[in-house]
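Heads up: the sequence lines are chains A and B, in that order.
Here the first sequence stands for residues 104 to 279, where the numbers follow this note's numbering.
Here the second sequence stands for residues 1465 to 1650, where the numbers follow this note's numbering.
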Amino acid sequence: MNAAGTLRRVRTSLPGLLVLIALAAGLATLVIVAVSGHSPASQAQQVQQVAAGLHCPICKDLSVADSPAPLAQQMRQEIAQKLRAGESADQIRAGFVAAYGDSVLMSPPRQGVAGAAYYLPLLVLAAGLMAAFTTLRRWLRTPQPDPPGAGSPHLSASQRRAVAKAVARLREEEPG
Amino acid sequence: MRRRLTRLTRRQTRLLAGVGVAVAVIVALLATGLGRDPSVIASPLVGRTAPNFTLPQLDGPPVTLSRLRGQVVVINFWASWCTECHVEQAALDQAWQQFRDSGVVVIGVNFQDTAGAARSYVSTTDVTYPVVEDSDSSTALAYGLRGVPETFVVNESGRIVDHVIGPVDEAALVSEINSILLARAR
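Laid out in structure tokens, this is it:
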């Protein structure tokens, strides 16, 4: 086999080889992501995530994740323990809501009266836009008043010229 | 011209009425919110079944709440470092002494404390009712505790019927227990 033939074969198979390398790299990335998803660090992140969504019951405007209060620390431990026991983030949140009420959530729930916090601003915005649109349309429809001294507002410039001409003609025709 | 003026007035009246209603709604909401004492937070557990627990006693066998079904249970969360807890302790002890033979149990749940400090407090004062340790605060969290003292009154069917934030008043506690016992007797 000569060198030219080898080179041709390499050139022909190069795109396929590149595709294979790209696929292998993608697969390796997926495996790494999947494996790191089950690492202990990820569970700590999950605790942080759940704790960040809960309001520290004895603090002002601090989440369970951010509060240094002993109660918040115990809540974080409780979250970790429940996650280890296989409870989902939603189940853990529901447990805290059952004990503390909706006020334990950093964001109000979307259903019930608290849902108004989400829908009311949108309603107010829609009402404002409608009011602005109606006002603007009314302004555009209202005829603009003629500048002072422009004569009758009902006559156009050409009509006014025609009237002036007619008046002048009548004056010429007047005897004396 | 006259008709147009009348129409405008009607429109203005409707606009004014709308603004008036909106203002009234906002004022009513503010009045309701501002008239409420922010320190009194209603527990969502009142009316619901009390969360069960099994906790070790400071000196004695573990206490399981579900085993006390059929009795009225007063669950008091306290700590040795809490001065308000010292204030109410006599009232709780009085209730325990008065009703212990009528199917009423008072349980002190020690919260965010050390067993040594709790034991020392119990031995030097007149605490005669059972005191349990909630070392990991899991029971406190299940009861939505915000601080101490907090007291929950559980009726004989296991439902929470009262929640007191701060020191309990002896007369109010006795009255609450009496009304539960009277209802049971009927």
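Here a beta-carbon is modelled for each residue, glycine too, at the ideal position from N, C-alpha and C.
In this text, all values refer to a predicted model and were calculated from it rather than measured experimentally.
Where residue i falls: helix, strand or coil (DSSP)
i: Leu329 (chain A); result: The question about residue 329 (chain A) has no answer here: the residues shown for chain A are numbered 104 through 279.
i: Ser1530 (chain B); result: helix
i: Trp1542 (chain B); result: strand
i: Ile1624 (chain B); result: strand
i: Arg1466 (chain B); result: With a pLDDT of 49 at Arg1466 (chain B), under the threshold of 50, the predicted position of this residue should be treated as unreliable, and no value is reported.
i: Arg264 (chain A); result: helix
i: Ile1571 (chain B); result: strand
i: Val1550 (chain B); result: Note that residue 1550 (chain B) corresponds to His in the displayed sequence, not to Val. Helix, per DSSP.
i: Pro118 (chain A); result: helix
i: Leu157 (chain A); result: strand
i: Ala167 (chain A); result: Per the sequence shown, residue 167 (chain A) should be read as Val rather than Ala. Reduced to three states, the DSSP call for Val167 (chain A) is coil.
i: Leu1519 (chain B); result: strand
i: Gly1524 (chain B); result: strand
i: Val1510 (chain B); result: coil
i: Val1632 (chain B); result: coil
i: Glu190 (chain A); result: coil
i: Thr238 (chain A); result: helix
i: Thr1615 (chain B); result: strand
i: Glu277 (chain A); result: coil
i: Val1638 (chain B); result: helix
i: Val1591 (chain B); result: coil
Contact with chain A by residue i, beta-carbon distance below 9 Å
i: Pro1515 (chain B); result: yes
i: Arg1500 (chain B); result: no
i: Thr1512 (chain B); result: Going by the sequence as given, residue 1512 (chain B) is Arg instead of Thr. Chain A contact via Cβ: present.
i: Ala1481 (chain B); result: no
i: Ala1606 (chain B); result: yes
i: Ile1624 (chain B); result: no
i: Gln1576 (chain B); result: yes
i: Ser1601 (chain B); result: yes
i: Pro1508 (chain B); result: yes
i: Ile1505 (chain B); result: yes
i: Met1465 (chain B); result: The predicted model places Met1465 (chain B) with a pLDDT of 46, which falls under 50 and marks its position as unreliable; any figure quoted below should be read in that light. It does not: the Cβ of Met1465 (chain B) has no partner Cβ on chain A nearer than 9 Å.
i: Arg1610 (chain B); result: yes
i: Glu1620 (chain B); result: no
Residue-chain proximity (residue i, chain B), Cβ-Cβ < 9 Å
i: Phe199 (chain A); result: yes
i: Glu190 (chain A); result: no
i: Gly204 (chain A); result: yes
i: Val207 (chain A); result: yes
i: Met178 (chain A); result: yes
i: Gln211 (chain A); result: Looking at the sequence shown, residue 211 (chain A) is not Gln but Pro. Pro211 (chain A) does not count as touching chain B.
i: Ile135 (chain A); result: no
i: Leu223 (chain A); result: no
i: Gln184 (chain A); result: yes
i: Pro173 (chain A); result: yes
i: Glu276 (chain A); result: no
i: Ile124 (chain A); result: no
Nearest-angstrom beta carbon gap, residue j and residue i [assumed within contact, 8 Å]
i: Cys1546 (chain B); j: Pro1613 (chain B); result: 6 Å
i: Ala1514 (chain B); j: Arg1648 (chain B); result: Not really, about 17 Å apart at Cβ, beyond 8 Å.
i: Gly1511 (chain B); j: Glu1620 (chain B); result: Rounded, the Cβ-Cβ distance is 15 Å, inconsistent with contact.
i: Leu1519 (chain B); j: Thr1578 (chain B); result: 16 Å between Cβ atoms; not a contact.
i: Leu1509 (chain B); j: Gly1608 (chain B); result: 6 Å
i: Pro160 (chain A); j: Tyr203 (chain A); result: 6 Å
i: Ala192 (chain A); j: Gln149 (chain A); result: 7 Å
Neighbour-count burial assignment, residue i, 16 or more Cβ in a 10 Å radius
i: Gln146 (chain A); result: exposed
i: Glu1640 (chain B); result: buried
i: Phe236 (chain A); result: exposed
i: Ser1643 (chain B); result: exposed
i: Met178 (chain A); result: buried
i: Glu1552 (chain B); result: buried
i: Leu117 (chain A); result: exposed
i: Ser170 (chain A); result: buried
i: His1627 (chain B); result: buried
i: Leu1529 (chain B); result: buried
The ligand ZN heavy atom lying under 8 Å from the CB of residue i
i: Ala1635 (chain B); result: The ligand ZN is absent from the structure shown, which contains no ligand whatsoever.
Three or more C-beta pairs below 8 Å linking the segment 1571-1583 of chain B and the segment 1597-1614 of chain B: yes
Problem - the segment 180-190 of chain A contacting the segment 1489-1496 of chain B, beta-carbon criterion three pairs below 8 Å - result: no
Is the number of C-beta pairs between the segment 1540-1557 of chain B and the segment 1601-1617 of chain B that are closer than 8 Å three or more? yes
Do the segment 1559-1568 of chain B and the segment 1630-1639 of chain B touch if we need at least three Cβ pairs shorter than 8 Å?
yes
- Query: Does the segment 218-225 of chain A come within contact of the segment 161-170 of chain A, defined as at least 3 CB pairs closer than 8 Å?
  - Reply: no
**Request:** Spell out a yes or no on whether the segment 150-159 of chain A and the segment 115-134 of chain A are touching, meaning 3 or more CB-CB pairs, one atom from each, closer than 8 Å.
**Result:** no
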